[in-house]
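In UniProt numbering, the protein residues as written are 1 to 240.
Remarks on the structure that follows.
Given below as structure tokens:
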């Protein structure tokens, strides 16, 4: 009886030892994984210059979209992620509203493209309809960054992800805003609105695929950010 008790105690000691060893090993694995994750994150955050090779699409190439910078930029973003779609296919599918209604109210770019995209007259379409259209092709990989700081945009670029944005066509703040009464209320608009894909950055400049036909166009970083903020901090990214 005494021997059995000693044997049970010995087995219990061995079990406790093995359990503690497994716990320590699991803890070491977790710490190692966290360390590797932090290391990767820090390495990404340390990137001060990057250039992403995004296919260029010119909105003026036949069949042209005179006012179609937003869907053309979205087509570039989707093509980069291996989703084959044309600017004109997106132009057909994007939500649309009239430039002006019979009661005198104007269309709202937050609801759909305002006016005629192909050859005018027309204005623009903002992030929400573009986001909804992008989701039809890329699903939950689409993230709307609108309203976030530009630092969040930079973090996506550091991950190798190009970013769709709304900015001005001068890539600096403008002073030609108008007040429009729309069915959804009063909004501020400018015909200087433009959409591009940010493909890279360094300390002083941002690099853009401009749907007017320029690949990796270099623009002043601070002036661009000010214009982007003026246009409502609109940005969309597709994750891998």
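Note that the Cβ used here is the ideal one computed from N, Cα and C, for glycine as well.
- Taking 8 Å as the threshold, find out whether the segment 141–149 comes into contact with the segment 205–221 through three or more Cβ pairs. Judged by Cβ distances under 8 Å, the segment 141–149 makes no contact with the segment 205–221, as fewer than three pairs qualify.
- Task: Go ahead and pull the three-state DSSP assignment for residue 45.
- Result: Here residue 45 refers to the residue found at position 45 when the chain shown is read from its first residue. Three-state result, residue 45: helix.
- Nearest to residue 234 (by Cα), restricted to the options 116, 240, 167: Looking up residue 234 in the chain shown gives position 234. That would be 167, whose Cα lies nearest to the Cα of residue 234.
- Got a sec? Which residues, its chain only, sit under 8 Å from residue 136 by beta carbon, not counting five neighbours each side? The count along the chain shown starts at 1 and reaches residue 136 at position 136. Sequence-distant Cβ neighbours of residue 136 in its own chain, meaning closer than 8 Å and more than five residues away, are 93.
- Under three-state DSSP, which class holds residue 2? As a first step, residue 2 must be located in the chain shown, where it is residue number 2. Model confidence at residue 2 stands at a pLDDT of 48, short of 50, so the residue's coordinates are unreliable; what they give is reported in the following sentence. The answer is helix: DSSP assigns residue 2 an H, G or I state.
- Task: Could you check if residue 122 is buried or exposed, using at least 16 other CB atoms within 10 Å of its CB as the buried criterion?
- Result: Numbered from its first residue, the chain shown carries residue 122 at position 122. With 16 or more Cβ atoms within 10 Å of its Cβ, residue 122 is classed as buried.
- Task: In angstroms with no decimal places, state the Cα-to-Cα distance between residue 230 and residue 116.
- Result: Locating residue 230 in the chain shown gives position 230, counting from the first residue. Locating residue 116 in the chain shown gives position 116, counting from the first residue. For residue 230 and residue 116, the gap between their C-alpha atoms comes out near 24 Å.
- Query: Looking only at DSSP bridge pairs, what is residue 218 linked to?
  - Reply: Counted from its first residue, the chain shown places residue 218 at position 218. According to DSSP, residue 218 shares a beta bridge with 207.
- Given a threshold of 16 other Cβ atoms within 10 Å of its Cβ, counted over all protein chains shown, does residue 28 qualify as buried or as exposed? As a first step, residue 28 is located in the chain shown; it is residue number 28 there, counting from the start. In this predicted model, residue 28 has a pLDDT of only 48, less than 50, meaning its place in the structure is not dependable enough to derive any value.
- Message: Taking only three categories from DSSP, how would you classify residue 64?
- Response: Counting from one through the chain shown, the residue named residue 64 turns up at place 64. Correct three-state label for residue 64: coil.
- Item | Alpha-carbon spacing of residue 87 relative to residue 67, whole angstroms | Residue 87 sits at position 87 when you count from the first residue of the chain shown. Residue 67 sits at position 67 when you count from the first residue of the chain shown. Answer to the nearest angstrom: the Cα atoms are 12 Å apart.
- Message: Please tell me whether residue 211 and residue 59 are closer than 7 Å, where the distance is taken between their beta carbons.
- Response: Reading the chain shown from its first residue, position 211 is the one you call residue 211. Reading the chain shown from its first residue, position 59 is the one you call residue 59. In contact: residue 211 and residue 59 (Cβ atoms closer than 7 Å).
- Look at the Cβ atom of residue 224, then the Cβ atom of residue 177, and state whether they are nearer than 7 Å. Position 224 of the chain shown, counting from 1, holds the residue named residue 224. Position 177 of the chain shown, counting from 1, holds the residue named residue 177. No, they are not a contact pair.
- Message: Measuring straight from C-alpha to C-alpha, what distance separates residue 237 and residue 209?
- Response: For the purposes of this step, residue 237 is taken as residue 237 along the chain shown, with counting starting at 1. For the purposes of this step, residue 209 is taken as residue 209 along the chain shown, with counting starting at 1. Using only the alpha carbons, I get a separation of about 14 Å.
- Roughly how many angstroms separate the alpha carbons of residue 159 and residue 226, rounded to a whole number? Position 159 of the chain shown, counted from the first residue, corresponds to residue 159. Position 226 of the chain shown, counted from the first residue, corresponds to residue 226. If I take the Cα positions, the gap works out to 23 Å.
- When DSSP builds the beta bridges, which residues end up paired with residue 155? Looking up residue 155 in the chain shown gives position 155. DSSP output for residue 155 lists no bridge partner at all.
- Message: On the criterion of 16 or more Cβ atoms from any shown chain inside 10 Å, does residue 63 qualify as buried, or is it exposed?
- Response: Translated into positions along the chain shown, residue 63 becomes position 63. Residue 63 should be labelled exposed.
- DSSP-derived helix/strand/coil call for residue 73: Here residue 73 refers to the residue found at position 73 of the chain shown. Three-state DSSP puts residue 73 in a helix.
- Query: Straight-line CA distance for residue 154 to residue 82?
  - Reply: As a working note, residue 154 is residue 154 in the chain shown. As a working note, residue 82 is residue 82 in the chain shown. Roughly 22 Å separates the two Cα atoms.
- Message: Is it buried or exposed, residue 107, if we count other Cβ atoms within 10 angstroms and call 16 or more buried?
- Response: Taking the chain shown and counting its residues from 1, the one referred to as residue 107 is at position 107. So residue 107 counts as buried.
- In the segment 102–155, which residue ranges form an unbroken alpha helix (DSSP H) of at least 4 residues, counting only runs that do not cross its ends? Restricted to the segment 102–155, the alpha helix (DSSP H) segments that are unbroken, complete and at least 4 residues in length are 127–138, listed in chain order.
- Query: Within this structure, are the beta carbons of residue 181 and residue 105 separated by less than 7 Å?
  - Reply: Here residue 181 refers to the residue found at position 181 of the chain shown. Here residue 105 refers to the residue found at position 105 of the chain shown. Yes, these two residues count as a Cβ contact at 7 Å.
- Query: So is residue 169 in contact with chain C if we call contact Cβ pairs under 7 Å?
  - Reply: Here there is only one protein chain, and chain C is not present.
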